[in-house]
Amino acid sequence: MMRKKSVSASKASLVLFLCQMISALEVPLDLSQPPTITQQSPKDYIVDPRENIVIQCEAKGKPPPSFSWTRNGTHFDIDKDAQVTMKPNSGTLVINIMNGGKAEAYEGVYQCTARNERGAAISNNIVIRPSRSPLWTKEKLEPNQVREGDSLVLHCRPPVGLPPPIIFWMDNAFQRLPQSERVSQGLNGDLYFSNVQPEDTREDYICYARFNHTQTIQQKQPISVKVFSMDSLNDTIAANLSDTDIYGAKPVTERQPVLLTPTGSTSTKVELRGNVLLLECIAAGLPTPVIRWIKEGGELPANRTFFENFKKTLKIIDVSEADSGNYKCIARNILGSAHHVISVTVKAAPYWITAPRNLVLSPGEDGTLICRANGNPKPNISWLANGVPIAIAPEDPSRKVDGDTIIFSHVQERSSAVYQCNASNEYGYLLANAFVNVLAEPPRILTSANKLYQVISDSPALLDCAYFGSPKPEIEWFKGVKGSILRGNEYIFHDNGTLEIPVAQKDSTGTYTCVARNELGKIQNEVQLEVKDPTMIIKQPEYKVVQRYGHVSFECIIKHDSTLLPTVIWLKDNDELPDDERFLVGKDNLTIMNVTDRDDGTYTCIVNTTLDSVSASAVLTVVAAPPTPAIIYARPNPPFDLELTGQLERSVELSWIPGDENNSPITNFVIEYEDGLHEPGVWHYQTEVPGTQTTVQLKLSPYVNYSFRVIAVNEIGRSQPSEPSEQYLTKSANPDENPSNVQGIGSEPDNLVITWESLKGFQSNGPGLQYKVSWRQKDVDDEWTSVIVANVSKYIVSGTPTFVPYEIKVQALNDLGYAPEPSEVIGHSGEDLPMVAPGNVQVHVVNSTLAKVHWDPVPLKTVRGHLQGYKVYYWKVQSLSRRSRRHVEKKILTFRGNKTFGMLPGLEPYSSYKLNVRVVNGKGEGPASPDKVFKTPEGVPSSPSFLKITNPTLDSLTLEWGSPTHPNGVLTSYILKFQPINNTHELGPLVEIRIPANESSLILKNLNYSTRYKFYFNAQTSVGSGSQITEEAVTIMDEAGILRPAVGAGKGYSETLFATSPVMHTVRPTFYKVQPLYPRIRNVTTAAAETYANISWEYEGPDHANFYVEYGVAGSKEDWKKEIVNGSRSFFVLKGLTPGTAYKVRVGAEGLSGFRSSEDVFETGPAMASRQVDIATQGWFIGLMCAVALLILILLIVCFIRRNKGGKYPVKEKEDAHADPEIQPMKEDDGTFGEYSDAEDHKPLKKGSRTPSDRTVKKEDSDDSLVDYGEGVNGQFNEDGSFIGQYSGKKEKEPAEGNESSEAPSPVNAMNSFV
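Each residue of the sequence shown is one higher than the one before, starting from 17 at the first, in the numbering used here.
Below, the structure is given as structure tokens:
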């Protein structure tokens, strides 16, 4: 069994069409338009006299409309009535009744007008009437003594209320009196007895009137009825007569029907069209008559006719003129019949045939407003223009009134207005606003561009093209980018621009273009349509029979459009599957394991997509598993035979008989109760007892109509509840408790609002729950003032002095008396704004950004409320350095309590400020103290706004800078410091320059070429230096060999000096190291390529340290990898790294308390291209290299001769001085340092020491050159393979002249000197 769920295509099309037709009339709100009333209160508006009255009037228009009101036909000036306010940007009135207003004073007829420059719209006449629930008039009711079988009418005659009350009859136990064909309540509220029976005797026939608007119930005095039976009457008569008298009361005789209401044989009834027609016939007779209804000359209308009150009432809904006629009711019993004819006339208040609709015209166009209404009698049609009768409205030559039509010809912009049509007769009126808006607007399409529509194949597709324009645009549809216009029966074109494809097919998919054009322009919009394949269940679940404790599977295999995502849901008996792990839902099946009897039922597979839904169902039948049935464990059966005994005022005993426990012992019983008086139908937990107990003593509350039920519980679960016990109404009593959470807080300076939490239902302990509210001013010898209020939770005391303490108490009472004396609470009348500003305001400036403010506290009497604290308002007037004012942004600091001082942080140095102080209470802020002016002193400036280094040359750099954003004073100068940086990131000597404050650029000359410099720049005031900004820059290379500075052995910089300005300090740029007081490793730097990285560091401490390098992937929890550094070198090459990966690295030393450097992070990547010109392939360079090689060979021979004679060259001297036997020369094969010893002094220098003339080491010449990995060009090796950068300490030597040196030159230095 398979079904498809979908909304009817025709209905969806109709709904969309109607909605869009309505929206097509809307003028976009960005265009000028007259007002339109969008929301208003009902014509007949009955209000609660205890609540504020809200009369709604909302409107839209461009420009936004203004609002005004009339009351009883004259202008209503709301500004003169303090109780009336109008909501902002709205016409809605709020009449304040809860704060002293009287609802009766605002009865009347109200009308709202919304007006802008293009017209005025008016609301209906809104009749405001407060609801009324008057008390029953006191009357003396005589007991009704009636003979058995006679008829009886008990009159209710409720008080006239507004709106009319709902009538019902009850007894003293607040139980509705049972009604039947014999006893029933009439439409007028009277209780009719067709014939009385002895069981009708009782003294508590009570008529109740419920006034829903005020939620009050009024009660008539009880009526007593005593029915005399014939047997008892004969016995009484016989006891009072002699034996000779022959007399007896007549036996009960049967009687034919007689109508009790309506009287006579005919009557008339007038009802209005659209209302509910109620006709009633109640008859007396014995046996009880049966009522039947007919319509003379016609049939009762089908589907609109209902019979109520045991067919004594005929009800026809939504009556029309066709329902007029004669309706006959016939009362019949076995002795005869009686009838009555009611002549019904259906009149009609006005109703619309054609209501006027908004009209949008372009200048010069024609149009009509049509207002057609019908009614009985026929309504009178009248027109108004902008709320004024059209006869006295300003003339408009383009307008002509013809009865129910206004004709417009050649309209102009001044013709814009709002017209009102009023259709009225004696039964009511209709009022409609319709505007004429004269606009000249090119077309606009309101549907969003490229909107995507998706539909299922063979279903309708509706493509929107909501539009607007004046004149009204013409709409055309095209398919495809260059398609032809769509025509033909396969398309439906709606007036609102919608294109309907009644049966969309797969080939309907594509782009559709909507074009709107009028004489002012043309616009188009494209939408997309996708037609999807329908979802189908190709393998449906099938009927299954399974034995208990077996398993079963249902299949549900689907086919769907590949672009739609289906979801499959399984239901059991049209509800969710049980929350049980035995139910396994697979991709295309449902499996139930360990089946039980509860799994019997219908299982449904539902497949949903965003566009359609299909389902299929199958039934599962569970049968017993032969041969031996398993023991069934189930919930217990409900208890039964509940009985109440030992009824007392506050307790009762309940007993019951347990139901079958179904093989699982009952563990406990749960007792619940229902309060039929206050909460009928709601069951509450009372108590619970062990499963072995079948009686319980229950504690009760007064004035509760109790019913009890019992639920048995075992390990399987809870039983169904038992049948309710008989009802037991406890007697009324005084309230046991008073309201809680009593508070007194004023909402205005002259009132005290007393609130409390009302008692709940059964806490009242009796009928007539009220509250006695008492109050008196504290610490004043006053008597208590008390008032008794209804069952509410608030009372407002008016006319109180401002913010004085009151003693308050609220006591509950009912018809039987008062609750215990309540406790008193302290409240306060309303607060008012403080009267006095704090005095003696003093400011002490602590520093350039902090000030302390003092003030004298205000007298507590002037606070007039709870002292919340003080607020300090302060703002910057101007900066003393710039002398320019700016937008004042006030800052506020709040100091809680009675504090008389506070700190003002975050001030700007060298600025002028103002402040004032105000006291704050619960109502708001008091007056401000006189503004106090104070100034902050100068501070250090912020860093310069920027530092740019431009125009690098061989020996100069240009510096440009911006003044500090916050000078914080008068700038005295700028300080520039700079120092060179070599390839091992060692910093050279620091040069300091002081620059006048009015400068913004500087040219540094005579710098070293191809050298990186680090600059530190900051500004100064008289207070001191501000934070600095740093920058680095490099002078360009000497590619042509123009400048050849001398290079001292062991130093990485030239000793050439540079020119300075007169304010510069000339410092020789040499490097030096200070021996540290403790060992440390610092300045760990990395130069990374794709798969390797050069790690270098600075070590300060004792000699002969053994270093190691630890590294790992950054952010990884893996252990650090460790590489040992041979010798005491301060660099190492990490190989085998992964390109594009972030690594962490640190350097440590063994044997020196195991200290390490801080961690550094680097990332591998592409090797940086050399900035130098590669001249290795130039012919002249090859020849030059041959000559250099010859010279090097000669120098090597000289060096070896000197060593054989016992001479030492400088590096060797340094190694000997350090007594480090571990210094090793580089090996040619693996790039590591081998052991160095005197035994190897006679070995020739290996080829890895050769360096080309461009001061780089070729990779093919060395497997492990620092030049390959570093960023600079100064990486060099001595003849023993030692890295020159390691020996930067000072040595005593003779001054050198030219390129000569007192020390033997290394081969590398020698080579550089020949370049």
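Built from N, CA and C at the ideal position, the CB exists for glycine as well.
Distance CB(residue i)-CB(residue j) smaller than 8 Å
| i | j | result |
| --- | --- | --- |
| residue 536 | residue 528 | no |
| residue 212 | residue 164 | yes |
| residue 495 | residue 526 | yes |
| residue 873 | residue 854 | yes |
| residue 1011 | residue 1025 | no |
| residue 973 | residue 963 | no |
| residue 142 | residue 76 | no |
| residue 751 | residue 636 | no |
| residue 654 | residue 684 | no |
| residue 167 | residue 338 | no |
| residue 864 | residue 755 | no |
| residue 631 | residue 675 | no |
| residue 937 | residue 817 | no |
| residue 825 | residue 836 | no |
| residue 469 | residue 545 | yes |
For residue i: DSSP bridge partner residues
| i | result |
| --- | --- |
| residue 932 | 889 |
| residue 611 | Answer by DSSP bridge pairing: none, since residue 611 is not bridged. |
| residue 130 | 83 and 137 |
| residue 60 | 143 |
| residue 996 | 1029 |
| residue 552 | 575 |
Contact belief for residue i with residue j at Cβ below 8 Å, rounded distance in angstroms
| i | j | result |
| --- | --- | --- |
| residue 374 | residue 451 | 5 Å |
| residue 177 | residue 148 | 5 Å |
| residue 354 | residue 303 | About 14 Å; that fails the 8 Å criterion. |
| residue 604 | residue 551 | The pair is not a contact, with the Cβ atoms about 13 Å apart (cut-off 8 Å). |
| residue 364 | residue 445 | Residue 364 to residue 445, Cβ: 13 Å. No contact. |
| residue 220 | residue 209 | About 16 Å separates the two Cβ atoms, so there is no contact after all. |
| residue 539 | residue 459 | 5 Å |
| residue 996 | residue 1037 | That pair is no contact at about 30 Å. |
| residue 402 | residue 433 | 5 Å |
| residue 532 | residue 485 | 6 Å |
Rounded separation between residue i and residue j - CA only
| i | j | result |
| --- | --- | --- |
| residue 467 | residue 594 | 42 Å |
| residue 832 | residue 844 | 33 Å |
| residue 724 | residue 371 | 60 Å |
| residue 1106 | residue 1116 | 31 Å |
| residue 578 | residue 565 | 39 Å |
| residue 820 | residue 793 | 7 Å |
| residue 1141 | residue 978 | 47 Å |
| residue 108 | residue 766 | 27 Å |
| residue 946 | residue 860 | 17 Å |
| residue 89 | residue 436 | 17 Å |
| residue 235 | residue 193 | 15 Å |
| residue 321 | residue 232 | 33 Å |
| residue 343 | residue 286 | 13 Å |
When the options are compared against residue i, the one with the closest alpha-carbon
| i | options | result |
| --- | --- | --- |
| residue 1009 | 978, 613 and 1032 | 1032 |
| residue 276 | 290, 55 and 298 | 298 |
| residue 206 | 226, 173, 229 and 232 | 173 |
| residue 170 | 201, 189, 1047 and 151 | 201 |
| residue 92 | 129, 602 and 606 | 129 |
| residue 530 | 570, 947, 546 and 462 | 462 |
| residue 559 | 616, 896 and 306 | 616 |
| residue 994 | 1000, 1004 and 986 | 1004 |
CB contact check: residue i to chain B, cutoff 8 Å
| i | result |
| --- | --- |
| residue 713 | Protein chain content of the structure displayed is limited to a single chain, and chain B is not contained in it. |
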